[in-house]
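K.L.:
Sharing a structure with you now.
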Amino acid sequence: MRINRMIRTLVTSDFLLISGFAVFGPIFAIFITEKIEGGTLAIIGFTSAIFQIVKSSVQIPIANYLDKNHGEKDDFYSLITGSFLVALVPFLYFFAQKPIHLYIINGIYGLGAAFAIPPWNAIFTRHIDKMHESTEWAVESVSIGIGAASAAALGGIIAEKFGFEAVFIIAGLVAMAGAVTLIKIYSDLRVKVGRGQVLPQPDKKH
54 MRINRMIRTL
64 VTSDFLLISG
74 FAVFGPIFAI
84 FITEKIEGGT
94 LAIIGFTSAI
104 FQIVKSSVQI
114 PIANYLDKNH
124 GEKDDFYSLI
134 TGSFLVALVP
144 FLYFFAQKPI
154 HLYIINGIYG
164 LGAAFAIPPW
174 NAIFTRHIDK
184 MHESTEWAVE
194 SVSIGIGAAS
204 AAALGGIIAE
214 KFGFEAVFII
224 AGLVAMAGAV
234 TLIKIYSDLR
244 VKVGRGQVLP
254 QPDKKH
């Protein structure tokens with residue numbers, strides 16, 4: 054089975070973004086308790102909650118707006134904006150010293166995710182190869198699973214040998230590579246998408 058270029062690019066980008074965050078995922082709680090002034094388990098919980106609250110508060114309004122414009126260019130700009138905001142987060146953690154810093158950073162993270170997730174799903178759904186829907190969603194799931202597992206193991210080793218700062222720099226670079234990768238989909242976007250039209254799109258021949 055040949056997966057079309059749009060789907061390959063989206064999966065590659067997601068693989069890199071998820072892997073970037075998985076680099077520090079398993080050790081993030083330790084980072085907060087050891088490196089953040091007054092870091093406690095409660096702060097860990099509040100930090101996670103802020104991400105979810107911000108993302109959940111604005112994700113549906115953003116998705117509704119994108120649905121009103123029936124082309125993919127607005128989806129692209131939302132996806133790019135959100136992905137770059139998300140990719141900045143590991144670099145911002147590098148400078149965090151107080152709980153308020155974490156709260157602000159995770160608010161940015163939630164906003165970025167809210168801008169990125171709806172258009173990613175919409176574009177993936179429209180361009181998925183006909184009769185291979187389950188397989189291509191499985192490829193996406195397996196890819197990010199492998200990436201997350203590998204990055205998590207690597208992140209622990211890096212933190213142990215080089216410290217949290219190195220972890221966040223590497224995580225940010227990997228995540229930023231994922232955001233930059235999305236620029237490649239621009240030439241394959243559809244200018245107009247009819248209301249209610251969610252159909253597999255033919256791959257461009259190259």
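Numbering follows this note's numbering, in which position 82 of the sequence shown is assigned residue number 135; successive positions increment by one, without gaps.
Backbone N, C-alpha and C fix where the C-beta goes; we use that ideal spot for every residue, glycine too.
1) Considering only the beta carbon of each residue, do K108 and A201 sit closer than 8 Å?
2) In whole angstroms, what separates the C-alpha of F177 from that of P114?
3) Kindly give me the distance between the Cβ atoms of L63 and I222, rounded to whole angstroms, as I take these residues to be in contact under 8 Å.
4) Could you give the distance in angstroms between the alpha-carbon of A149 and the alpha-carbon of R55?
5) Can you tell me where the alpha helix (DSSP H) holding I161 begins and where it ends?
6) Just reading off the alpha helix (DSSP H) that E186 is part of, what are its end residues?
7) Do the segment 92 to 105 and the segment 209 to 227 meet, that is, are 3 or more Cβ pairs less than 8 Å apart?
8) Alpha carbon to alpha carbon, how far is H123 from F217? Give it in angstroms, no decimals.
P.N.:
Judging by the given coordinates:
1) no
2) 20 Å
3) L63 to I222, Cβ: 26 Å. No contact.
4) Rounded to the nearest whole angstrom, the CA to CA distance from A149 to R55 is 44 Å.
5) P152 to H180
6) E186 to F215
7) no
8) 44 Å
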